[in-house]
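Per our numbering, residue 41 is the first one in the sequence shown, and the count goes up by one each step.
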Amino acid sequence: MDTETLLDIYRKEKMSPYLQELEGDFYEEVQSVIRELEARYDESRGNTKQGSKLLRELENVKSVVLDLYEIRERKVVLGALNYVRRDGGEFEMEDLTESEEKMLGDVADVLKENRRAILEGGPPKKVKKQKAEKKQEKKEAAPEKKISLVTVRITKDLPSIVGADGKIYGEFQEEDVVSLPDANARALIEQGAAEEIKL
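This is how it looks when you write it as structure tokens:
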């Protein structure tokens with residue numbers, strides 16, 4: 041698997057309301073790609089330009105994988121919720137990975153137990169939530185980072201990139217004028233692939 045294949049899988053998953061089929065060893069392949077990029081980055085530490093390029097690619101791949109996982113996770117949780125609201129019956133959700141099948145069953149069990157306990161009387165079993173509450177407090181306390189955008193003119197055709205804000209930008213064609221996160225814009229300018237437009 042290469043970065044372009046991963047981006048293609050990510051785009052399809054993001055655009056579809058349904059889970060897209062993944063190879064059984066998809067996540068293992070992704071980890072292999074990440075390890076390979078990390079090794080190449082370590083080897084290129086003396087070459088600033090090459091190292092910088094590999095680091096950006098590595099960060100892009102990790103960002104895409106996280107976003108892809110979270111998109112699929114959301115679909116699985118919503119699928120479990122729909123299943124429970126239909127009061128069981130045969131469950132039809134295709135293209136689950138093995139770990140997602142387990143997640144689906146676990147989430148559905150928790151939802152069913154909670155629903156049964158509340159609607160049929162008596163409180164549901166208490167779940168330890170102290171750690172989850174602390175994590176939520178930290179998340180709420182952390183200030184949201186604002187990503188500044190820079191407008192550039194693209195000077196050569198380029199494939200899609202994952203921005204510092206986690207969004208997909210591109211594909212780009214020569215002479216396109218686009219606004220990109222500062223870090224991505226600066227990287228393209230350094231590579232001679234874009235020119236800043238002062239507004």
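Heads up, the beta-carbon is just placed ideally off N, CA and C, and yes, glycines get one too.
Closest Cα partner of residue i within the set the options
i	options	result
residue 186	62, 201, 205 and 82	205
residue 125	209, 159 and 43	159
residue 111	53, 210, 136 and 77	53
residue 106	46, 157, 188 and 91	46
residue 62	221, 94 and 139	139
residue 223	75, 100, 122 and 57	100
residue 102	220, 232 and 207	207
residue 234	153, 41 and 194	194
residue 30	84, 93 and 85	What the structure shows of the chain is the stretch from 41 to 239, and residue 30 is not part of that stretch, so it cannot be assessed.
residue 153	104, 127 and 108	127
residue 236	191, 216 and 55	191
residue 48	216, 188 and 104	104
residue 199	189, 216 and 188	216
residue 108	88, 157 and 55	55
Cβ shell of residue i (< 8 Å), same chain only, five flanking positions each side left out
i	result
residue 155	124
residue 97	43 and 77
residue 64	137 and 138
residue 57	115
residue 151	120, 121 and 124
residue 80	94
residue 91	81, 84 and 85
residue 135	58, 59, 60, 61 and 62
Residues near residue i in its chain [Cβ-Cβ closer than 6 Å; skip 5 each side]
i	result
residue 238	none
residue 133	119
residue 203	209, 221 and 224
Residue range of the unbroken alpha helix (DSSP H) whose run includes residue i
i	result
residue 63	Per DSSP, residue 63 belongs to no alpha helix (DSSP H) and is neither H nor E.
residue 42	Note, residue 42: premise wrong, no alpha helix (DSSP H); not H, not E.
Chain-order list of residues whose beta-carbon lies under 7 Å from that of residue i (same chain, five-residue window excluded)
i	result
residue 197	212, 213 and 214
residue 9	Outside the displayed range of the chain (41 to 239) lies residue 9, so it cannot be described from this structure.
residue 201	100, 209, 210 and 224
Segment contact flag, the stretch 147 to 157 with the stretch 110 to 123, C-beta cutoff 8 Å, min 3 pairs: yes
Taking contact to mean at least 3 C-beta pairs separated by less than 8 Å, is the stretch 63 to 73 in contact with the stretch 220 to 237? no
In chain order, what are the residue ranges of uninterrupted beta strand (DSSP E) at least 3 long that sit wholly in the stretch 190 to 233? 217 to 221
May I have a chain-ordered list of the alpha helix (DSSP H) segments no shorter than 4 residues that lie completely inside the stretch 119 to 162? 138 to 159
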